[in-house]
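I have placed the structure first, in the form of structure tokens, so that the comments after it can refer back to it.
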Amino acid sequence: MDLYRETILDHYKNPRNFGHLSGANVTSEEINVSCGDRIAIEMRIESRGKARIVSDIRFFGEGCAINQASASMLTEKVKGLDTRRVMRISLDDIQTMLGTTLTPSRVKCAILPLEAIQKAIRSLS
Amino acid sequence: MSMFDAKTIQKDFPQLQRKIHGKRIVYLDSTATSLKPQSVIDKEDEYYTLYTANVFRGIYTTSEEATAAYEHARDVAATLIHAKMSEEIVFTRNTSESINLVAYSLLLHDISPGERIVTTIMEHHSNFVPWQQLGKERGVAVDIWNLTPEGELDLGDLEKLVTRKTRIVAVTAASNVLGTINPISKIVRTVKRLNSKCLVLVDAAQAVPHMPVDVQEWGADFVAFSSHKMLGPTGIGVLWANREQLDAMHPFNYGGEMISEVHVDRTVFKPAPHKFEAGTPHIAGVIGFGAAVEYLMKLGLDNVRAHEEALVAYAIEQFSRMSEVKYLGPQDAKKRGGVFAMTMKGAHPHDIAQILNEDNVFVRAGNHCAMPLHENLGVASTVRASFYVYTAKEDIDVLMESLGKVKKIFG
Chain X
1 MDLYRETILD HYKNPRNFGH LSGANVTSEE INVSCGDRIA IEMRIESRGK ARIVSDIRFF
61 GEGCAINQAS ASMLTEKVKG LDTRRVMRIS LDDIQTMLGT TLTPSRVKCA ILPLEAIQKA
121 IRSLS
Chain L
1001 MSMFDAKTIQ KDFPQLQRKI HGKRIVYLDS TATSLKPQSV IDKEDEYYTL YTANVFRGIY
1061 TTSEEATAAY EHARDVAATL IHAKMSEEIV FTRNTSESIN LVAYSLLLHD ISPGERIVTT
1121 IMEHHSNFVP WQQLGKERGV AVDIWNLTPE GELDLGDLEK LVTRKTRIVA VTAASNVLGT
1181 INPISKIVRT VKRLNSKCLV LVDAAQAVPH MPVDVQEWGA DFVAFSSHKM LGPTGIGVLW
1241 ANREQLDAMH PFNYGGEMIS EVHVDRTVFK PAPHKFEAGT PHIAGVIGFG AAVEYLMKLG
1301 LDNVRAHEEA LVAYAIEQFS RMSEVKYLGP QDAKKRGGVF AMTMKGAHPH DIAQILNEDN
1361 VFVRAGNHCA MPLHENLGVA STVRASFYVY TAKEDIDVLM ESLGKVKKIF G
């Protein structure tokens, strides 16, 4: 049962960056059709020179432990990052972040928050 | 009932002999698809090994053997559901296709704007989407029969739902989520009293595998079900309708096998059921389906139902000791089939299913092809455990133990 390690359960039960962001300038939403779960992302992205930095981020929605923990950990990870680096985050990075490999049926749960964040960034450019 | 021993039955199912990570499998997803007994696997294999040939064409021995085995399956299916004759059994790909056949062959060109269709909120998408889409295409309203708080249908609601304009009432015999067994005979009688011309189509995908079904007693116009949920191969469905009804319907798939004469400018179709079975059919699948029907009839469908009712009663008792778990549908074992769609406080269905998988307890998480129902009940998704002939009480014990682990992790 290594999937449900302490860190994942901790992020599930006490999600970081959960809720709405005042002053957000970009939002997006993704739905997992297999279970009806949805996740919404709100971000403030600021230009600093040539870079565009994720200065703050929140997420909300309902989902399984993998989905919510992934969102919680990912929002911590991308805060302060240049959007170009965020766009390079891959499924492998998500699995490393979660500290586990996922079976095919659970990949969608874990990747949904990343897809929402990257969709939001794409909508800016 | 005393003759019925799930543990002996398990021996007929090779997949239940399999061990994963050294542990046996507890298969609790028969509502999605059932496991197959060796006799069905052997029968399908027999066609491919001994008499592979196309049906209805050859004058040679193996083609005649294949045709006989194919038509034998139709005969036993007719016997199983008390059809008046084998010609009332149309082979399709699955329940969805059987229902689409009625929508396309009968109603698409025959229903007029202003007429109405009734279906229920507890339907599987297979008996919901075809009517919704037909409604959109033809400008026909679809009226939804809603649930009582117990998760049942109230016959009294039909008084308002069925009008002179209602062409068809499409209803499931047993819900794949709530477990609710609907009183089909009473529903049909009520509908016909309100509008004698109104058709009734029954989605029997969760009934024919689990209980005695008598289409004469039901009195419906159409009955649809699938082989793969009743121990048979995937890719085979059945549509039953009486001979006159089938004769009056136009085929909606054209091509090989379904014709008796083709000329440059016209075609004469074969009589039913063959006019609905265009192209070379899934011969091995139909032959395997015949073996599945024979296996079930040997067990006796009343015994199957008694076995499942006892399991349901046992599960209800076990669930009552686990207050975190809530299941949908009636609380009375007599009113429901062996299907429990559950939610658990603090745990998401995906996570529950994943943790159960660690113990080789195979359940389904999601909305079980019944999104309108889940929306109506205000639950995003559920985790569903379902039972069949090979399910033993011990399997329910393992389920409960596994749910206990979920509780520990998420409680």
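If you read the protein sequences in the order shown, they are chains X and L. This note's numbering puts the first residue of the first sequence at 1, with every later residue one more than the last. This note's numbering puts the first residue of the second sequence at 1001, with every later residue one more than the last. Backbone N, C-alpha and C define an ideal beta-carbon position, used for all residues, glycine too. In this text, all values refer to a predicted model and were calculated from it rather than measured experimentally.
Proximity to residue i [Cα-Cα], best of the options
i         : options                                    : result
L/ASN1176 : L/GLY1337, L/TYR1390, L/MET1003, L/LYS1011 : L/GLY1337
L/VAL1090 : L/TYR1070, L/LEU1107, L/PHE1013            : L/TYR1070
L/LYS1270 : L/PHE1056, L/SER1039, L/ALA1006            : L/PHE1056
L/GLY1423 : L/THR1067, L/GLY1058, L/ALA1103, L/LYS1136 : No answer is possible for residue 1423 of chain L: the residues shown for chain L start at 1001 and end at 1411.
L/SER1105 : L/GLU1375, L/VAL1361, L/GLN1245            : L/GLN1245
L/GLU1294 : L/LEU1373, L/ILE1316, L/GLU1261, L/LEU1080 : L/LEU1080
L/GLY1279 : L/GLU1257, L/GLY1290, L/SER1086, L/VAL1171 : L/GLU1257
X/ILE66   : X/ASP82, X/MET97, X/ASN17                  : X/MET97
L/ILE1099 : L/LEU1199, L/SER1402, L/SER1039            : L/LEU1199
L/LYS1393 : L/GLU1317, L/ASP1214, L/GLU1217            : L/GLU1317
L/ASP1110 : L/ARG1138, L/GLU1123, L/PRO1130, L/ILE1144 : L/ARG1138
L/GLN1133 : L/LEU1108, L/THR1120, L/TRP1145, L/LEU1155 : L/LEU1108
L/ASN1182 : L/LEU1155, L/LYS1275, L/ASP1221            : L/LEU1155
L/ASP1214 : L/ASP1332, L/ARG1321, L/ALA1077            : L/ALA1077
X/VAL33   : L/GLN1354, L/ASN1367, L/ILE1259            : L/ASN1367
L/HIS1021 : L/ASN1253, L/VAL1361, L/ALA1068            : L/VAL1361
L/MET1326 : L/VAL1268, L/LEU1377, L/ALA1032, L/ASP1157 : In the sequence on display, residue 1326 of chain L carries Lys and not Met. Minimum Cα distance to L/LYS1326 is reached at L/LEU1377.
Beta-carbon proximity of residue i to residue j, cut-off 8 Å
i         : j         : result
L/THR998  : L/SER1126 : Because chain L here runs from 1001 to 1411, residue 998 of chain L falls outside it and cannot be looked at.
L/ALA1204 : L/PHE1225 : yes
L/VAL1363 : L/ASP1075 : no
X/GLY63   : X/ILE39   : yes
X/PRO15   : X/GLN68   : yes
X/LYS79   : X/VAL54   : yes
L/ARG1093 : L/GLY1237 : yes
L/GLY1232 : L/PHE1289 : yes
L/ALA1248 : L/VAL1040 : no
L/GLY1179 : L/PHE1004 : no
L/PRO1330 : L/GLU1123 : no
L/VAL1398 : L/ASP1359 : yes
L/ALA1103 : L/PRO1130 : yes
L/ILE1025 : L/GLN1015 : yes
L/THR1172 : L/GLN1206 : yes
L/THR1166 : L/ARG1243 : no
Residue i, DSSP secondary structure in three states
i         : result
L/PRO1330 : coil
L/MET1003 : coil
L/ASN1195 : coil
L/ILE1059 : coil
L/ASP1395 : helix
X/MET1    : Legend: pLDDT at X/MET1 = 49, less than 50; position of this residue unreliable, no value from coordinates given.
L/ASP1042 : helix
L/VAL1286 : helix
L/SER1175 : coil
L/LYS1019 : strand
L/TYR1051 : coil
X/SER34   : coil
L/VAL1118 : strand
X/VAL107  : helix
L/LEU1311 : helix
X/LEU124  : helix
L/ARG1321 : coil
X/ALA24   : coil
L/SER1227 : coil
L/THR1092 : strand
L/LEU1080 : helix
L/ASP991  : No statement about residue 991 of chain L is possible, as the shown extent of chain L runs from 1001 to 1411 and does not include it.
L/ARG1138 : helix
Neighbour list for residue i in chain L, Cβ cutoff strictly below 7 Å
i      : result
X/ARG5 : Neighbours of X/ARG5 on chain L: none; closest Cβ ~10 Å, over 7 Å.
Nearest-angstrom beta carbon gap, residue j and residue i [assumed within contact, 8 Å]
i         : j         : result
L/VAL1169 : L/VAL1142 : Not confirmed; about 11 Å, so no contact.
L/ILE1287 : L/LYS1036 : Incorrect: roughly 13 Å between the Cβ atoms, too far for contact.
X/PHE60   : X/GLY23   : So it is not a contact: roughly 16 Å between Cβ atoms.
L/VAL1202 : L/TRP1218 : 6 Å
Under 7 Å by beta carbon: chain X residues contacting residue i
i         : result
L/HIS1124 : Correct list: empty, because the minimum Cβ distance to chain X is about 16 Å.
L/ILE1117 : Result: empty, since nearest Cβ-Cβ is about 26 Å, beyond 7 Å.
L/HIS1021 : Those do not exist, as L/HIS1021 stays about 12 Å from chain X at its closest Cβ, beyond 7 Å.
Chain-ordered chain L contacts of residue i [CB-CB under 8 Å]
i       : result
X/SER34 : GLY1366
Cross-chain neighbours of residue i in chain X, by beta carbon under 8 Å
i         : result
L/THR1351 : Contrary to the premise, residue 1351 of chain L reads as Asp rather than Thr in this sequence. Going along chain X in sequence order, the residues near L/ASP1351 (Cβ under 8 Å) are TYR4, CYS64, ALA65, ILE66.
L/SER1381 : CYS35, GLY36, ASP37
Distance cut-off 7 Å: residue i Cβ against heavy atoms of the ligand MN
i         : result
L/TYR1047 : Of ligands this structure carries none, so the ligand MN is not represented either.
Under 9 Å from the C-beta of residue i: neighbouring residues of chain L
i        : result
X/LEU9   : ILE1409, PHE1410
X/ARG106 : HIS1350, GLN1354
Amino acids of chain X, ordered along the chain, whose beta-carbon sits closer than 9 Å to that of residue i
i         : result
L/ILE1025 : Under the 9 Å cutoff, chain X gives no residues; its nearest Cβ is about 17 Å from L/ILE1025.
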